[in-house]
Amino acid sequence: MPDSEFETPQQAEDAFYRAFELRDLDAMMRVWSDADYIECIHPMQDRLQGQAAIRASWAEILKRAPEVTFRNNAANIHRQGDLAIHVIHENLQLGDQGLETSRMIATNVYEKTPAGWKMILHHASPAPKETGRSDTAGSKVLH
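Numbering (this note's numbering), first residue to last: 71 to 213.
Structure (structure tokens):
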């Protein structure tokens, strides 16, 4: 199997976070689809559309990123047909001390293509502070 093909959405997701940890732009972009409709929304940022904009943003992020390790927990994984949606809790740890410095909630969407499963959306937002309750306890719809 060529490096650019992923047989499952999970393989694509694992490659995405591995590329981030290694600060490897080429590996990062092998995860992404080359379709015109791909989108990326970094925390507290505007949406980016298309390969060129997404590649440029990752080039900048990976160039200045410190050593980071992800400890992710799946919150919800749904797969139907040629689409897979992964909602995960990203726990970012900086340096070799393993100190957690940031918690995000990310939605990653993958599409099955002739080249394997490819990312078509990454949207990450800061996670709310933990309250000691489960994700559903006391939740209210606000919008």
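By construction, the Cβ of each residue, glycine as well, lies at the ideal position given by its N, Cα and C atoms.
Asked                                                                                         : Found
For residue 186, the first and last residue of its enclosing alpha helix (DSSP H)             : First-last for residue 186: 186-196, but that is the beta strand (DSSP E), not the alpha helix (DSSP H).
Short Cβ contact (9 Å threshold) for residue 186 with residue 75                              : yes
Identity of the residue in 82, 129, 115 nearest residue 93 by Cα                              : 129
Own chain, CB closer than 6 Å to residue 137, minus 5 neighbours either side, in chain order  : 165
Proximity below 9 Å, CB of residue 161 to CB of residue 143                                   : yes
Residue 124: first and last residue of the uninterrupted alpha helix (DSSP H) it sits in      : 120-134
Same chain, Cβ closer than 6 Å to residue 98, neighbours up to 5 away in sequence not counted : 89, 128
Assigned secondary structure, residue 149 (DSSP; H/G/I helix, E/B strand, else coil)          : strand
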